[in-house]
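Notes follow the structure.
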Amino acid sequence: MESVETTTPSNSEIKSVETIVEEQKVNETNTTLNAEVVETPTKTEEKSKTEITNENKERSRGLEAKIKPEFVLPFKKIEKVEVDKAAKKKEFRNQLRESMNDKLCPKISKGLVCEFNETCKFSHDVEKYLASKPKSIGICQNFQTYGECKYGLNCYFGECHIVDNKTIVNKELIGKVEPVKTLNEVSNEIQIQLKTNNYPFPKSEIYFNENGISVRQIKGRNNNNNKNNNKQNDNKRKENEKDDDDDKLNKKIKLENENTTTTTTTTTTTTTETTEKTEKTEKTEKTETTETKKEEFKQSNENTEIDIMTPLKANEKKRINFENQLILAPLTTVGNLPFRRICKRLGADITIGEMALTTKLLEGTKSELALLKRHPCEDKFGVQICGSYVDAAVKCAEFIENEIDADFVDINSGCPIDLVCNMGAGAALMERPKKVEQLLRGISSSLSCPTTIKIRIGKSEDAPTAHKLIPSLGEWGACAVTLHGRSRAQRYSRLANWDYVKQCSEVSSIPLIGNGDIYNYQDVVNIYDSSKVSSIMIARGALIKPWIFTEIKEKREWDISASERLDFIRDFANYGLDHWGSDRIGVDNTRKFLLNWLSFSHRYIPVGLLDKVHYMNERPPAYFGRSDLETLLASTQVKDWIKITEMFLGPVTSDYSFVPKHNSNSYESQG
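Residue numbers for the sequence shown follow UniProt numbering, so the first one is 1 and each next one is one higher.
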């Protein structure tokens with residue numbers, strides 16, 4: 001259960017963007033002129049301010065940002081409505097659903113002919129659809145830029161290209177500007193192959209045979225013939241996972257393997273399985289050597305078994321510079337493509353996509369595959385995968401190698417969420433070094449690009465273990481390690497342990513990327529001056545103020561105006577419509593992800609209002625800004641966030657509600 005204010009503003013309360021920006025400029029001018037004139041408070045006022053300060057301290061449990069007294073508001077208790085998260089989530093999904101009969105056929109919306117005619121599940125009644133469709137929100141950016149809109153009559157910004165119940169094109173603009181194409185779009189054919197378990201994994205199959213790895217049947221449509229095999233493989237997997245945790249048995253098996261064959265295995269199997277597989281590998285090795293002798297004069301080994309099996313060494317792979325780089329962390333839900341575009345504009349050197357589950361990728365789940373998409377402006381881009389099954393991870397790496405354009409692949413071994421850790425993935429992997437080794441060796445063997453890994457300091461902050469693990473990660477195939485200076489159990493009421501991060505940067509020559517509570521350029525300067533940390537990764541700091549990348553590179557504090565912040569929100573809305581679409585689903589998705597970002601960005605405290613440097617874990621007291629717009633952007637109320645989205649995405653329905661994906665307005669329990 002979570003307390004959330006859900007009141008929605010009426011349309012009469014919504015000001016136009018132009019009106020707010022004009023008021024903002026006037027207010028900023030007045031603030032500048034009157035900055036020197038501050039009345040001396042009376043004793044009564046000083047007493048009341050002291051009471052307010054104590055009250056706010058109690059409310060924030062002592063973690064309070066120091067704001068100039070003239071901007072602090074009296075504490076006002078707000079009645080909140082108890083919200084059932086599950087019910088609200090279901091209600092929000094219902095808002096996105098509509099009857100197929102109410103949806104206009106995509107082909108009809110573009111003025112094309114539908115081959116299904118009366119059997120089409122979508123509506124073909126254009127007049128009825130346009131009559132029920134809300135009033136156009138504004139000007140369509142796609143039509144204005146490229147001369148046409150691919151959403152046709154379904155576009156919610158179509159007043160400029162919908163004429164006489166038809167969508168038109170501007171022939172003068174068509175072809176002048178080349179549309180920017182999003183990269184890593186997985187074709188329908190590939191998705192079907194994944195869903196039906198028909199996608200080929202030749203490298204992975206040979207790797208599994210060579211290393212004795214049992215393969216779990218991936219969930220799919222064509223599993224009827226493999227149910228028995230699936231059960232057997234699951235039983236073998238359970239046995240293997242138990243064996244992985246038994247160090248004594250590992251040593252015995254290694255000794256037996258050394259006596260029977262020179263082939264090493266990266267996973268633990270029973271004694272009988274090991275000897276059988278060793279005999280098979282000896283036979284394949286003999287046939288491979290004879291074949292290579294016959295064809296030793298060939299110039300290329302392309303499309304041969306040697307070509308498939310020879311993994312690249314770390315120094316032979318594509319190289320990416322991890323020195324003095326500002327990296328945007330992989331942020332679930334909020335680290336979407338439109339947000340990454342904004343961070344890239346503001347100075348981020350490297351961006352990483354949202355965490356994707358290996359099993360879901362192999363099942364061809366459309367929403368999971370969408371997490372791998374890349375914008376052309378992301379010149380250094382990585383994808384992050386998460387999972388505990390070695391076979392699924394290796395197959396996923398081969399799929400990425402074949403179908404996805406990425407500069408590196410990151411393994412998530414730092415996610416503290418129980419849902420992920422209970423699967424044996426995320427931060428739970430740090431308790432099983434053998435499993436980490438198997439994942440790193442397997443994934444790096446399938447990739448021509450570098451493999452990195454993100455970890456935490458350990459399970460608990462009292463007994464950190466990262467310094468023991470880091471020296472081995474490079475030997476297992478990692479080209480860089482990201483260390484978040486918190487434990488799995490630790491939350492966000494205390495700052496990250498950068499002293500320990502600095503110690504870990506000394507234990508190995510592998511590039512170490514530091515992460516945790518970076519919020520200003522002074523932090524970065526101190527880290528680089530006092531440690532061997534190679535680069536900096538920024539997560540929440542970028543969500544609260546994306547211009548932190550500019551501040552770090554220019555070594556200054558940017559007292560950004562409210563109108564400049566609103567411009568970034570406008571850009572996000574435009575990028576969202578370009579990415580998710582300008583039809584109803586696209587507008588709803590853009591609003592949802594924008595609201596999730598606003599649930600973080602409202603925590604920004606303007607530099608001009610602060611008495612001292614603000615730390616990440618400090619909650620501000622109730623305050624007002626230097627203008628109405630600045631006050632609105634600092635609001636903690638969901639109704640005000642919705643009001644901001646309505647400036648660019650049109651009004652919401654009277655029953656619209658929103659629950660933040662992350663509990664970002666809770667400074668202590670945020671996870």
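We treat Cβ as the ideally placed atom computed from N, Cα and C, and that holds for glycine.
Open item on the list: Please classify GLY111 as buried or exposed, where buried requires at least 16 neighbouring CB atoms within 10 angstroms.
Closed with: exposed
Task: the region 517 to 529 touching the region 546 to 560, judged by at least three CB pairs closer than 8 Å - done: yes
Task: Whether GLY414 touches LYS454 by CB criterion (9 Å) - done: yes
Task: Nearest-angstrom beta carbon gap, LEU326 and GLU354 [assumed within contact, 8 Å] - done: With a Cβ gap of about 19 Å, GLU354 and LEU326 do not count as contacting.
Task: Cβ-based burial, SER388 [other Cβ within 10 Å; buried from 16] - done: buried
Task: Simplified DSSP state of HIS579, which is helix, strand or coil - done: helix
Task: Residue range of the alpha helix (DSSP H) that includes MET647 - done: 638 to 649
TODO: Would you mind sorting LYS203 into buried or exposed? The rule is 16 or more other CB atoms within 10 Å of its CB.
DONE: buried
- [ ] Would you kindly check if the distance between the Cβ of SER109 and the Cβ of GLY147 is under 9 Å?
- [x] no
Open item on the list: Taking 7 Å as the limit between beta carbons, can you name the residues of its chain near ILE605, skipping five residues before and five after?
Closed with: ALA65, ILE67, HIS614, PRO620
Task: Enclosing alpha helix (DSSP H) for ARG345 [first to last residue] - done: 337 to 345
- [ ] Counting only the same chain and skipping the five closest in sequence on each side, list residues whose C-beta sits under 8 Å from that of ARG494.
- [x] ASN617
Task: CYS386 (DSSP reduced to helix, strand or coil) - done: strand
Open item on the list: For the alpha helix (DSSP H) containing PHE658, name the first residue and the last one.
Closed with: Per DSSP, PHE658 belongs to no alpha helix (DSSP H) and is neither H nor E.
- [ ] Kindly indicate which residue of VAL334, LEU629, ASP418 has the alpha-carbon position closest to the one of ILE544.
- [x] VAL334
Task: Rounded C-alpha distance that separates PHE399 from ALA131 - done: 46 Å
Open item on the list: Once the 5 residues before and after GLU554 are set aside, which same chain residues still bring their CB inside 7 Å of it?
Closed with: none
- [ ] Check whether the region 159 to 176 touches the region 342 to 358, taking contact to mean three or more Cβ pairs, one atom from each stretch, closer than 8 Å.
- [x] no
Open item on the list: Nearest by alpha-carbon distance to LYS166: which of LEU104, PRO200, PRO179, LEU183 is it?
Closed with: LEU104
Task: Cβ-based burial, ALA463 [other Cβ within 10 Å; buried from 16] - done: exposed
Task: Close-in-space but distant-in-sequence residues of the same chain around LYS294 (CB under 7 Å, 5 per side omitted) - done: Low per-residue confidence applies at LYS294: pLDDT is 35, beneath 50, and the placement is therefore not dependable, though the value from the model is reported in the following sentence. Answer for LYS294: no residue qualifies.
Task: Nearest residue (CA-CA) to THR182, options CYS140, PHE122, LYS373 - done: LYS373
TODO: Identify every run of the beta strand (DSSP E) within the region 381 to 428, keeping only runs that are complete inside it and at least 3 residues long; order them along the chain.
DONE: 381 to 386, 408 to 413
- [ ] For ILE342, count neighbouring C-beta atoms within 10 Å of its own C-beta (all shown protein chains included) and say buried if the count is 16 or more, exposed if not.
- [x] buried
Open item on the list: Do VAL587 and ASN156 count as a contact pair if the criterion is CB distance below 9 Å?
Closed with: According to the sequence provided, residue 156 is Tyr. The question's Asn does not apply to it. In this structure, VAL587 lies closer than 9 Å to TYR156 by Cβ.
Open item on the list: For ALA489, count the other beta carbons within 10 Å of its own beta carbon; 16 or more makes it buried, fewer makes it exposed. Which is it?
Closed with: exposed
Task: Contained alpha helix (DSSP H) runs [length at least 4] in the region 144 to 172, N- to C-terminal order - done: none
Open item on the list: Measuring only the C-alpha atoms, how far is TRP476 from ARG432?
Closed with: 14 Å
Open item on the list: Between the alpha carbons of ALA539 and ASN515, how many angstroms are there, rounded?
Closed with: 8 Å
Open item on the list: Can you list, in chain order, the residues of its chain with a C-beta nearer than 6 Å to that of LEU361? Leave out the 5 residues immediately preceding and following it.
Closed with: GLU368, CYS396
Open item on the list: As a quick exercise: from ASP125, GLY541, PRO69, PHE593, pick the residue whose alpha carbon is nearest that of ILE569.
Closed with: PHE593
Open item on the list: Using only the alpha-carbon positions, how far apart do ILE308 and PRO200 sit?
Closed with: Residue confidence for ILE308 is low, a pLDDT of 41 falling below 50, so the modelled location carries little weight and cannot support an answer.
Open item on the list: Taking the straight line between their C-alpha atoms, what separation do you get for ASN303 and CYS504?
Closed with: With a pLDDT of only 42 at ASN303, under 50, the local geometry of the prediction cannot be trusted, and no value is derived from it.
- [ ] Please classify ASN184: does DSSP put it in a helix, a strand, or coil?
- [x] coil
TODO: Find out if the Cβ-Cβ distance for the pair ASP102, SER123 is shorter than 9 Å.
DONE: yes
- [ ] Over the uninterrupted beta strand (DSSP E) stretch that includes LYS545, give me the two end residues.
- [x] Note, LYS545: premise wrong, no beta strand (DSSP E); not H, not E.
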